[in-house]
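**Student:** Pasting a structure below so you can have a look.
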Ligand code: GLU
């Protein structure tokens, strides 16, 4: 809803800029043209292969009956089953889910894992729903999309406002319908239900691994690297924890209700404790509160937006004062901001590479579930590191070879891989 209201009052060019589907398509068009993909292939890659919309009746705790709208978009299954999270939020839109599904296709192709791309979303406000209401929404949504998901069809995972409990409910509901336990139908499950060690930290860990690679390329050291992180949840919180442990100086954390700053580096474990106790990162004795909008423009070495879409735009990109932008969130920069980032010489680690650690360990989870054999955390982390380092290197090598920026290089690499799969499979008539 928030999105739509905002868009309704915006000039149309800004509304277009803020529409994630148009952002995803604009980048796709640039990469496809640069690759010289023929028109037919462009049409195939541009359209999602399947979209399911469900309107789910759910009984609320007070006895009222409510209807929620849910989506599951499978953008591509050319390289393997569709893969991607499910988000719960009041401002979920069909276009947003479409963009996120396409980004999953490109992300899985960049890290070269055998999946296509998908995404789901339910329009609901988890902030006002009880755990049992959320459980009923999740179970009914799963039942409605039952025939479209499965270990070889489409494998959901957590995303914004969904977590391992949500995945356990999906796994259970699917298994009840299938009359057998099917753990590989979703990833991001609790460890005792077939989840993978290292999955909870994987997206944040992946962000750190690619940031390490960027530092190496730019001749910077961890200990003198000032990091500003937007978001302190699954991605930002884990990245902050792992990066501060590894010696990075996390100078600022930005959340929806404020920002906290410490020039010598925040004690992340203490800040997490403070947030658990007070419900907010503000008022932390180990730092000073600051304006959350201004905090994005602090002078730093690494800016890691790990919250939501459209935070770096044509309106503010020129104000950034960072050397590296590591996109932990999906779509934190709009396509219009890309040119400004390039002009400013910011080293961008694009979302479809930077946050791919999550889906990479989801792939490991799916493999482990199917093998019925579970790996140690060390094995998971080592294999994650190998994939993230290789993918980073593939992208920068592509960028150097073709004289394009990292984002365009990542898109070109991904499109090329997916187009090659479609060509080899041929078009079934
Ligand atoms: N929701 C995460 C993402 O956007 C993870 C997806 C997955 O593990 O399938 O990458």
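In the working numbering, the protein residues as written are 12 to 440. Note that the Cβ used here is the ideal one computed from N, Cα and C, for glycine as well. Please read all numbers here as calculations on a predicted model, not as lab measurements.
1) Where does residue 440 fall in DSSP's three states?
2) Opposite residue 260 in the DSSP bridges: which residues?
3) Would you mind giving the Cβ-Cβ distance between residue 321 and residue 361, rounded to the nearest angstrom? I have them listed as a contact below 8 Å.
4) Using the beta-carbon count (16 or more within 10 Å), is residue 16 buried or exposed?
5) For residue 116 and residue 213, which I take to be in contact (beta-carbon distance under 8 Å), what is that distance rounded to the nearest angstrom?
6) Given a cut-off of 8 Å on the beta-carbon distance, is the pair residue 363 and residue 88 in contact?
7) Going by DSSP, what residue range makes up the alpha helix (DSSP H) through residue 39?
8) What separation, rounded to the nearest whole angstrom, lies between the Cα atoms of residue 414 and residue 262?
9) To the nearest angstrom, how far is it from the Cα of residue 403 to the Cα of residue 187?
10) How many Å lie between residue 173 and residue 291 at the Cα?
11) On the DSSP bridge assignment, give the partners of residue 66 in chain order.
12) Could you have a look at residue 143 and say whether DSSP puts it in helix, strand or coil?
13) Buried or exposed for residue 19, going by 16 or more other Cβ atoms inside 10 Å?
14) Compare the beta carbon distance of residue 348 and residue 221 with 8 Å and say whether it is the shorter of the two.
15) Residue 328 and residue 246 - do their beta-carbons sit closer together than 8 Å?
16) Report the three-state DSSP secondary structure of residue 429 (helix, strand or coil).
17) Helix, strand or coil for residue 160? Go by DSSP, reduced to three states.
18) So what does DSSP say about residue 339, is it helix, strand or coil?
19) Kindly indicate which residue of 38, 131, 111, 145 has the alpha-carbon position closest to the one of residue 72.
20) Within a Cβ cutoff of 7 Å, which residues of the same chain sit near residue 201, ignoring the five residues on either side of it in sequence?
21) So residue 159 packs on residue 374, CB below 8 Å; how close in whole Å?
22) By how many angstroms is the C-alpha of residue 248 removed from the C-alpha of residue 50?
23) May I ask you to check if the CB of residue 165 is nearer than 7 Å to at least one heavy atom of the ligand GLU?
24) Between the Cα of residue 206 and those of 369, 274, 317, spot the shortest distance and give me the residue it belongs to.
25) Give the secondary structure of residue 309 by DSSP, where H, G and I count as helix, E and B as strand, and everything else as coil.
26) Between residue 436 and the rest of its own chain, which residues show a CB-CB distance below 8 Å, the 5 nearest in sequence each way excluded?
27) Express the C-alpha separation of residue 427 and residue 48 in angstroms, rounding to a whole number.
28) Check each candidate in 70, 330, 93 and name the one with the smallest Cα separation from residue 148.
29) In terms of DSSP beta bridges, what is residue 130 paired with?
30) If you run the structure through DSSP and keep just helix, strand and coil, what is residue 344?
**Tutor:** Straight from the coordinates:
1) Locating residue 440 in the chain shown gives position 429, counting from the first residue. It is coil, neither helix nor strand.
2) For the purposes of this step, residue 260 is taken as the residue at position 249 of the chain shown. Residue 260 pairs with 237.
3) By one-based count along the chain shown, residue 321 stands at place 310. By one-based count along the chain shown, residue 361 stands at place 350. With a Cβ gap of about 15 Å, residue 321 and residue 361 do not count as contacting.
4) Here the question's residue 16 lines up with position 5 in the chain shown. Here residue 16 scores only 42 on pLDDT, less than 50, and its place in the model should not be relied on; the value that follows carries that caveat. Burial call: exposed.
5) Along the chain shown, read from residue 1 onward, the residue named residue 116 stands at position 105. Along the chain shown, read from residue 1 onward, the residue named residue 213 stands at position 202. That belief does not hold up - the Cβ atoms of residue 116 and residue 213 are roughly 19 Å apart, past 8 Å.
6) For the purposes of this step, residue 363 is taken as the residue at position 352 of the chain shown. For the purposes of this step, residue 88 is taken as the residue at position 77 of the chain shown. No, the Cβ-Cβ distance between residue 363 and residue 88 is not below 8 Å.
7) Sequence index remark: in the chain shown, residue 39 carries index 28 (1-based). From DSSP, the alpha helix (DSSP H) with residue 39 extends over 31-46.
8) Counted from its first residue, the chain shown places residue 414 at position 403. Counted from its first residue, the chain shown places residue 262 at position 251. Looking at the two C-alpha atoms, the distance is approximately 33 Å.
9) Counting from 1 along the chain shown, the entry for residue 403 is found at position 392. Counting from 1 along the chain shown, the entry for residue 187 is found at position 176. When rounded, the distance between both Cα atoms is 41 Å.
10) Position 162 of the chain shown, counted from the start, is the residue given in the question as residue 173. Position 280 of the chain shown, counted from the start, is the residue given in the question as residue 291. The alpha-carbon atoms of residue 173 and residue 291 are separated by roughly 20 Å.
11) Start at 1 with the first residue of the chain shown, and residue 66 comes out as number 55. In the DSSP output, where bridge partners are listed per residue, residue 66 has 80.
12) In the chain shown, residue 143 corresponds to position 132, counting from 1. In this structure, residue 143 counts as helix in the three-state DSSP scheme.
13) By one-based count along the chain shown, residue 19 stands at place 8. Its pLDDT being 46, under 50, residue 19 is placed unreliably by the model, and the measurement read from it follows with that caveat. By the 10 Å Cβ count, residue 19 comes out exposed.
14) The residue given as residue 348 occupies position 337 in the chain shown. The residue given as residue 221 occupies position 210 in the chain shown. Their beta carbons are not under 8 Å apart, which means residue 348 does not touch residue 221 by this criterion.
15) Position 235 of the chain shown, counted from the first residue, corresponds to residue 246. Position 317 of the chain shown, counted from the first residue, corresponds to residue 328. Cβ atoms of residue 246 and residue 328: not closer than 8 Å.
16) Along the chain shown, one-based indexing puts residue 429 at 418. Looking at residue 429 - three-state DSSP - the assignment turns out to be helix.
17) Taking the first residue of the chain shown as 1, we reach residue 160 at position 149. Looking at residue 160 - three-state DSSP - the assignment turns out to be coil, as it is neither helix nor strand.
18) Along the chain shown, read from residue 1 onward, the residue named residue 339 stands at position 328. Residue 339 falls in the coil class under three-state DSSP.
19) As a first step, residue 72 must be located in the chain shown, where it is residue number 61. Comparing Cα-Cα distances from residue 72 to each of 38, 131, 111, 145, the minimum goes to 145.
20) On the chain shown, position 190 is the one that residue 201 refers to. Cβ within range, chain order: 175, 179.
21) Residue mapping note: residue 159 aligns to position 148 of the chain shown, counting from 1. Residue mapping note: residue 374 aligns to position 363 of the chain shown, counting from 1. Contact flag wrong, Cβ pair sits at about 20 Å.
22) Stepping through the chain shown from its first residue, residue 50 is reached at position 39. Stepping through the chain shown from its first residue, residue 248 is reached at position 237. If you take the alpha carbons of residue 50 and residue 248, they lie about 42 Å apart.
23) Along the chain shown, one-based indexing puts residue 165 at 154. Checking every heavy atom of the ligand GLU against the Cβ of residue 165, none is found closer than 7 Å.
24) Walking along the chain shown from the start, residue 206 turns up at place 195. Out of 369, 274, 317, 369 has the C-alpha closest to the C-alpha of residue 206.
25) The residue labelled residue 309 in the question sits at position 298 within the chain shown. The answer is coil: DSSP assigns residue 309 none of H, G, I, E or B.
26) Your numbering for residue 436 matches position 425 in the chain shown. Excluding sequence neighbours, residue 436 sits near 89.
27) Position 37 of the chain shown, counted from the start, is the residue given in the question as residue 48. Position 416 of the chain shown, counted from the start, is the residue given in the question as residue 427. Their backbone Cα atoms lie some 9 Å apart in a straight line.
28) Counting from 1 along the chain shown, the entry for residue 148 is found at position 137. Among 70, 330, 93, the Cα nearest to that of residue 148 is on 70.
29) Along the chain shown, one-based indexing puts residue 130 at 119. Per DSSP, 84.
30) The residue given as residue 344 occupies position 333 in the chain shown. Residue 344: strand per DSSP, three-state reduction.
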